[in-house]
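S.K.: Take this structure first; my questions come after.
2 protein chains.
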Amino acid sequence: MTSGNTRSGRRPGNSGTRAAILDAARLRFAAVGFDKASIRSIATAAGVDPALVHHYFGTKHELFAAALELPIDPQDILDRFAVIPVSELGETIIRTVVPIWDSDFGAPTIAAFRSLLGSEDPALARTFILDVVLKSIRPRVDSPPGTGARRAALAASQLAGLLVTRKILRLDPIASMTVEELAATVGPTLQRYFTGTLPLEP
Amino acid sequence: MTSGNTRSGRRPGNSGTRAAILDAARLRFAAVGFDKASIRSIATAAGVDPALVHHYFGTKHELFAAALELPIDPQDILDRFAVIPVSELGETIIRTVVPIWDSDFGAPTIAAFRSLLGSEDPALARTFILDVVLKSIRPRVDSPPGTGARRAALAASQLAGLLVTRKILRLDPIASMTVEELAATVGPTLQRYFTGTLPLEP
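One line per chain: the protein sequences are S and A, in this order.
Letter by letter, the first sequence follows residues 5 to 206 of our numbering.
Letter by letter, the second sequence follows residues 5 to 206 of our numbering.
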């Protein structure tokens with residue numbers, strides 16, 4: 005199974021195979037979660053060789069991004085947060101994600117999120133948020149031990165609402181506030197959820 | 005034009021007229037907002053007498069709730085908040101709306117919200133949030149003067165995100181947290197947006 009594949013752009017043709025792999029990936033990620041969905045099992049469901057999945061889509065994270073029709077690999081963004089001290093995560097997340105939403109990458113990202121919100125089964129969206137977005141945050145904010153999952157999910161609730169009001173509903177004045185204004189107002193909300201004293205039973 | 009109509013349940017038949025009124029109402033509310041959309045203009049667009057609109061749907065708020073397919077008149081809930089001191093609004097809102105979302109009224113309310121999120125033009129949803137939900141809150145939290153609209157919209161962003169994560173995505177642990185736990189964790193977020201010291205230019 006090759007891993008160091010070179011992805012020299014999408015090939016013409018073979019779109020049926022690509023679509024079959026993406027369909028299988030969506031079903032598998034939704035059914036068993038990101039970690040348990042192996043490239044091998046997705047390849048088997050799509051009736052192709054695992055090497056072809058890697059060849060077309062690269063890493064499992066990249067495959068998931070493609071299955072969600074995300075224009076960028078979310079892991080690239082999450083990697084940026086990994087080097088930020090926990091005490092600065094709140095404002096940093098706002099300063100990072102809001103400009104992405106507002107950029108050329110924004111429209112397809114928001115379209116993907118809207119499509120997930122509209123689907124009958126939100127399992128794929130849940131898998132994405134729980135297994136990819138929040139996974140690396142949870143252990144970092146697990147103080148006192150046992151509170152990390154709720155802290156991360158509370159932050160996700162604020163961030164999801166900011167996305168919905170600013171980019172989907174385009175609700176003013178949220179839609180017209182600057183990144184700095186949002187960092188200064190919503191950033192501390194995330195920070196409190198991550199590291200503040202919350203009345204959570206461990 | 006009668007106003008003291010008695011609404012003795014939905015009549016059989018006339019469903020075409022009701023549907024025409026609701027379609028006209030949706031278009032009009034989305035186009036000009038709640039305040040400027042008169043019952044008269046909606047009746048004219050639907051080709052019926054204004055009295056018939058009142059007869060079928062009651063007040064303009066009730067017509068709007070019907071147009072949004074909401075199972076309850078949102079004004080009934082907003083009226084409860086009007087008598088709560090501003091300093092207690094954050095937790096009170098959580099303690100009021102989360103049990104409604106979790107109740108039998110919840111499923112149709114969430115279905116309506118999902119349908120609004122999925123529609124190509126979010127104007128109807130914007131009108132609902134700006135002209136109905138936030139209207140009475142804004143002047144109450146306008147301190148220093150000029151910040152009320154942003155304070156109310158920031159609170160709406162957190163509340164929308166709580167609805168999306170708890171009821172649409174059903175994201176654990178947000179989905180399984182108790183009302184009291186949410187009141188104690190998310191309530192202070194709303195309260196800070198309403199009355200906290202925020203770096204907002206008046």
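For glycine and all other residues, C-beta sits at the position ideal for the given N, C-alpha and C.
These figures come from a predicted structure and were not determined experimentally.
(1) Going along chain S in order, which residues have a C-beta closer than 9 Å to the C-beta of residue 99(A)?
(2) In the segment 137 to 166 of chain A, which residues sit with their C-beta less than 8 Å from some C-beta in chain B, listed in chain order?
(3) Kindly indicate if chain S contains any beta-carbon less than 8 Å away from that of residue 245(A).
(4) Residues of chain A with CB closer than 8 Å to the CB of residue 30(S), please, in chain order.
(5) In terms of alpha-carbon separation, which member of 39(A), 101(A), 116(A), 29(A) lies closest to residue 48(A)?
(6) How would you list, in chain order, the residues of chain A whose beta-carbon sits under 8 Å from the beta-carbon of residue 122(S)?
(7) For residue 229(A), does the count of other Cβ atoms within 10 angstroms reach 16, so buried, or fall short, so exposed?
(8) If I measure Cβ to Cβ from residue 14(A) and keep anything under 7 Å in the same chain, skipping five residues before and after, which residues do I get?
(9) Would you grab the beta carbon distance between residue 67(S) and residue 117(S) for me? Rounded to a whole angstrom, and I think it's under 8 Å.
(10) Among residues of its own chain, excluding the 5 on either side of residue 136(S), which ones have a beta-carbon nearer than 8 Å to its beta-carbon?
(11) Classify residue 139(S) as helix, strand or coil using the three-state DSSP reduction.
(12) Which residue wins for smallest C-alpha separation from residue 51(S), given the options 124(S), 204(S), 27(S)?
(13) Please decide whether residue 175(A) counts as near chain S, where near means a Cβ-Cβ distance under 8 Å.
(14) Nearest by alpha-carbon distance to residue 148(A): which of 59(A), 76(A), 200(A), 72(A) is it?
(15) Taking buried to mean at least 16 other C-beta atoms within 10 Å of its own C-beta, is residue 3(S) buried or exposed?
(16) How is residue 147(A) classed by DSSP in three states: helix, strand or coil?
(17) Just mark residue 86(S) as buried or exposed, buried being the case when its beta carbon has 16 or more other beta carbons within 10 Å.
M.R.: Short version:
(1) For the purposes of this step, residue 99(A) is taken as residue 95 along the second sequence, with counting starting at 1. Going along chain S, no residue has its Cβ under 9 Å from residue 99(A), so there is no contact; the nearest lies around 14 Å.
(2) Annotation note: the requested chain B is absent from the structure, which comprises protein chains S and A.
(3) No statement about residue 245(A) is possible, as the shown extent of chain A runs from 5 to 206 and does not include it.
(4) Here residue 30(S) is taken as the residue at index 26 of the first sequence, counted from 1. Ordered by position in chain A, no residue passes the 8 Å Cβ test against residue 30(S), which lies about 16 Å from the chain.
(5) By one-based count along the second sequence, residue 48(A) stands at place 44. The option with the nearest alpha carbon to residue 48(A) is 29(A).
(6) Taking the first residue of the first sequence as 1, we reach residue 122(S) at position 118. The answer, in chain order, is 118, 121, 122.
(7) A query on residue 229(A) cannot be resolved here, the shown segment of chain A reaching from 5 to 206 and no further.
(8) What you label residue 14(A) is simply residue 10 of the second sequence in a count that begins at 1. With a pLDDT of 47 at residue 14(A), under the threshold of 50, the modelled position of that residue is not reliable, and no figure is offered here.
(9) By 1-based counting over the first sequence, the position of residue 67(S) is 63. By 1-based counting over the first sequence, the position of residue 117(S) is 113. That pair is no contact at about 18 Å.
(10) Taking the first residue of the first sequence as position 1, residue 136(S) is located at position 132. Cβ neighbours of residue 136(S) beyond the five flanking positions: 38, 65, 68, 78, 79, 82.
(11) Along the first sequence, one-based indexing puts residue 139(S) at 135. If DSSP states are grouped into helix, strand and coil, residue 139(S) belongs with coil.
(12) Locating residue 51(S) in the first sequence gives position 47, counting from the first residue. Nearest C-alpha to residue 51(S): 27(S).
(13) Within the second sequence, the letter at position 171 stands for residue 175(A). Judged by the 8 Å Cβ criterion, residue 175(A) is in contact with chain S.
(14) The residue given as residue 148(A) occupies position 144 in the second sequence. Among 59(A), 76(A), 200(A), 72(A), the Cα nearest to that of residue 148(A) is on 200(A).
(15) Outside the displayed range of chain S (5 to 206) lies residue 3(S), so it cannot be described from this structure.
(16) The residue given as residue 147(A) occupies position 143 in the second sequence. Here residue 147(A) sits in coil by DSSP.
(17) As a working note, residue 86(S) is residue 82 in the first sequence. When all chains shown are included, residue 86(S) counts as exposed.
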